[in-house]
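Beneath this line is the structure, given in structure tokens, with notes to follow.
Chains as they are written, first to last, in our numbering: chain U, 1 to 526; chain B, 1001 to 1271.
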């Protein structure tokens, strides 16, 4: 009974919980109620995604498809969770739980928490939906869900002109980006006659008939070229790869700090996920000859853009005085490195990219959230004005330093091992120049981080704050994320063997992705 | 000047390339000549009482696609609209709409007011019929909600928003009705699962009619009238959600700028 229902349950359940939340606002005003509501929802999401991970990795050992409404794909929509989706799902749900835990502290004395939580749940539903869906059009819808929630959250501080400017910029250009992806879908449906990812993947590799959609109907070579070009534009916008990065340094710092952590740590990673899905599963180097050529050109371009992102963003990091802006630029740099690595096309490259995605996400969330505590106490985001506020808060300063060291790549923290893996992947595929990019951008970043640590901790305090009591409500999520950084670092070899190797080998074998859908079609009477 | 020229040129090139690929290049496949295989599958199964395990039981294929075959997309499109309005409510949080409440002497001339009063029942009847017939004829929950939302818009323009406040049509009330609609949608999504749990059989999220391995079907008929199972439920709840979603937005947007700014002034933003 209910085969694999947990696969399909997570995003609809999250959005249902977001739907019902406003009813309570009519009767209940207490903040504690909404804290518990949001924590319950995010905990359920983590449990479900963790269970899905267990199903995919240890029970089924293959991708699992869940047909909504009982319609066989491509007639209906399926969620298809393979190792990659399961991996991203757990990562997103785990960090989101820590972010909502931190929000409990952060939202004290801030009005509008009920709407904040509603949008946060919508954001999480959108992100998990993006990584779980097996339907290219549903990916568009889920991107819209996560984007609309993100726009609302960025503009949450309505009296801050910075937030309003950033929000309007982000939402207008974001709407253009999703629309461009929609146009890409028009070309895909027009030529392939289907929107199911597995179906497109099968046909782009020269496969024959597929149930219900039969053969291709148009010129898939030309249509795929334009669809790839357009969708990459949209996804590099979401992932903030140069030259589509310009909105990020405004939008991420303007948002409330936990939202900055979610945007920088997770939302850009959904863009990364979509690029991987398009370049390895839907299309790929093993597609029909003409399409494979386009894929290989796109990959080469992405390597160049990734290198530019890493270099430009790391150089700009050094000159920032706003602590949140500095951290936001660091996101562009790390995304650049991830994009280079995943565009090489080797197994090692994918593994390094996936590993760094998670390490950066956790490290960046921890860095934003630790900095947020210091900002609250210092009353300023300017690094010079913060002058040594960290001295009053040793525990927060410790987690801040840990996050910085992990992002910079100091052993035995997680960031060191993923940067090492990136380095190996670059050298291994003969891209020594990219290894130089990695080292140079890390050096620039080091300068910026030294500036950050100096301002936040080492500089002599200009004003006396007395004894500052650190609250366990924010220390708990910080401690969990810090512990994760250490654990992911210490267990690096096990992590690579148990998680990354199966994920990358499944990703390089897209026919497994197709066969999971075929089984569903058979079961439902295709 | 140079910059504008560059932008214009690149736009022209993009449009030409895309137009070529879409038409002469065959990128969009056969246009105007044949229906795609997938579309044929939809059309042939949308109302087929002889194959009760593979039909949406609705003669209106568009509604069947919107709420049954591809219901998940619509559920989350509803979520997009919902979150956009939540964003607006968040921006207007704690703004007291009743400040400066004026009497009902406002509004347009008597002629306009009488005509509006005549139009309102017609408007309600049309909107409800679009919602209730959504599974039979073109229309559906969103369209009906958009038609119904004309009413608060007209009332605000013709009678002023204070008139609505006197009728107790406040933001809170609209929000309550909207939440009822959305909760109804969420319940309909999980309804087949709940029924299956009680009966100990298999079912899928958002299922409408019975499937080969999931013998849970919502009733397609009441008496002799076709209701198409979950489609009518979705349409009615979406109608509620959209009507009152727009109402919330209109009520918020019609608050005078001075009143909003006065109440927001001096608010401290955290970082």
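C-beta: ideal position from N, C-alpha, C; glycine also. Being a predicted model, the structure only gives us computed values, none of them experimental.
Span of the beta strand (DSSP E) around residue i
| i | result |
| --- | --- |
| residue 78 (chain U) | 78 to 81 |
Close Cβ partners of residue i (< 6 Å) along its chain, the five nearest in sequence each way excluded
| i | result |
| --- | --- |
| residue 1037 (chain B) | none |
| residue 456 (chain U) | 374, 386 and 390 |
| residue 1181 (chain B) | 1237, 1240 and 1241 |
| residue 4 (chain U) | 64 and 66 |
| residue 1152 (chain B) | 1247 and 1250 |
Host alpha helix (DSSP H) of residue i (start-end)
| i | result |
| --- | --- |
| residue 253 (chain U) | 248 to 254 |
| residue 64 (chain U) | Looking at the DSSP string, residue 64 (chain U) is not in any alpha helix (DSSP H); the run it does join, the beta strand (DSSP E), is 64 to 67. |
| residue 424 (chain U) | 414 to 428 |
| residue 364 (chain U) | 347 to 378 |
| residue 1085 (chain B) | 1071 to 1091 |
| residue 238 (chain U) | 220 to 239 |
| residue 473 (chain U) | 472 to 490 |
| residue 316 (chain U) | 289 to 318 |
| residue 52 (chain U) | 31 to 54 |
| residue 496 (chain U) | No alpha helix (DSSP H) holds residue 496 (chain U); DSSP gives it neither H nor E. |
| residue 180 (chain U) | 161 to 192 |
| residue 11 (chain U) | 5 to 25 |
| residue 258 (chain U) | 257 to 262 |
| residue 1016 (chain B) | 1002 to 1022 |
| residue 1205 (chain B) | Residue 1205 (chain B) -> no alpha helix (DSSP H), and no H or E assigned at all. |
| residue 1268 (chain B) | That residue, residue 1268 (chain B), is in no alpha helix (DSSP H); it is neither H nor E in DSSP. |
| residue 1137 (chain B) | Where residue 1137 (chain B) is concerned, there is no enclosing alpha helix (DSSP H), given that its DSSP letter is neither H nor E. |
| residue 404 (chain U) | 394 to 408 |
Listed by chain order, chain U residues near residue i by CB distance under 7 Å
| i | result |
| --- | --- |
| residue 1243 (chain B) | The contacting residues do not exist; residue 1243 (chain B) stays about 15 Å from chain U at best. |
| residue 1182 (chain B) | 19 |
| residue 1018 (chain B) | 226 |
Chain-ordered neighbours of residue i on chain B, where CB pairs are closer than 7 Å
| i | result |
| --- | --- |
| residue 70 (chain U) | 1204, 1207, 1211 and 1214 |
| residue 74 (chain U) | 1038 |
| residue 194 (chain U) | 1038 |
| residue 77 (chain U) | 1070, 1072 and 1073 |
Simplified DSSP state of residue i, which is helix, strand or coil
| i | result |
| --- | --- |
| residue 133 (chain U) | strand |
| residue 244 (chain U) | coil |
| residue 1160 (chain B) | coil |
| residue 1054 (chain B) | coil |
| residue 1225 (chain B) | strand |
| residue 512 (chain U) | helix |
| residue 1241 (chain B) | helix |
| residue 1168 (chain B) | coil |
| residue 1096 (chain B) | coil |
| residue 1220 (chain B) | coil |
| residue 1048 (chain B) | coil |
Exposure label - residue i; buried when at least 16 CB within 10 Å
| i | result |
| --- | --- |
| residue 341 (chain U) | buried |
| residue 1224 (chain B) | exposed |
| residue 1266 (chain B) | exposed |
| residue 541 (chain U) | Because chain U in this structure spans residues 1 to 526, residue 541 (chain U) falls outside the shown range and cannot be described. |
| residue 1166 (chain B) | exposed |
| residue 325 (chain U) | buried |
| residue 357 (chain U) | buried |
| residue 61 (chain U) | exposed |
| residue 1100 (chain B) | exposed |
Cβ-based neighbour list, residue i, same chain, cut-off 8 Å, excluding 5 preceding and 5 following
| i | result |
| --- | --- |
| residue 208 (chain U) | 215 |
| residue 68 (chain U) | 8, 76, 77, 78 and 79 |
| residue 226 (chain U) | 184 and 187 |
Chain B contact residues for residue i, given Cβ-Cβ distances below 8 Å
| i | result |
| --- | --- |
| residue 524 (chain U) | 1211, 1212 and 1213 |
| residue 9 (chain U) | 1205 |
| residue 148 (chain U) | 1080, 1083, 1084 and 1087 |
| residue 381 (chain U) | 1271 |
| residue 529 (chain U) | Because chain U in this structure spans residues 1 to 526, residue 529 (chain U) falls outside the shown range and cannot be described. |
| residue 83 (chain U) | Here the premise fails: no neighbours, minimum Cβ distance about 23 Å. |
Close-in-space but distant-in-sequence residues of the same chain around residue i (CB under 7 Å, 5 per side omitted)
| i | result |
| --- | --- |
| residue 46 (chain U) | 93, 94 and 97 |
| residue 101 (chain U) | 39, 476 and 477 |
| residue 503 (chain U) | 83, 84, 87 and 354 |
| residue 1116 (chain B) | 1154 and 1158 |
| residue 361 (chain U) | 91, 95, 265, 266 and 269 |
| residue 146 (chain U) | 123, 126, 127, 130, 267 and 270 |
Contact list for residue i against chain B, beta-carbon separation under 9 Å
| i | result |
| --- | --- |
| residue 354 (chain U) | Those do not exist, as residue 354 (chain U) stays about 26 Å from chain B at its closest Cβ, beyond 9 Å. |
Amino acids of chain U, ordered along the chain, whose beta-carbon sits closer than 8 Å to that of residue i
| i | result |
| --- | --- |
| residue 1030 (chain B) | 217 and 218 |
| residue 1094 (chain B) | 111 and 112 |
Chain U residues whose Cβ lies nearer than 9 Å to that of residue i
| i | result |
| --- | --- |
| residue 1119 (chain B) | Here the premise fails: no neighbours, minimum Cβ distance about 30 Å. |
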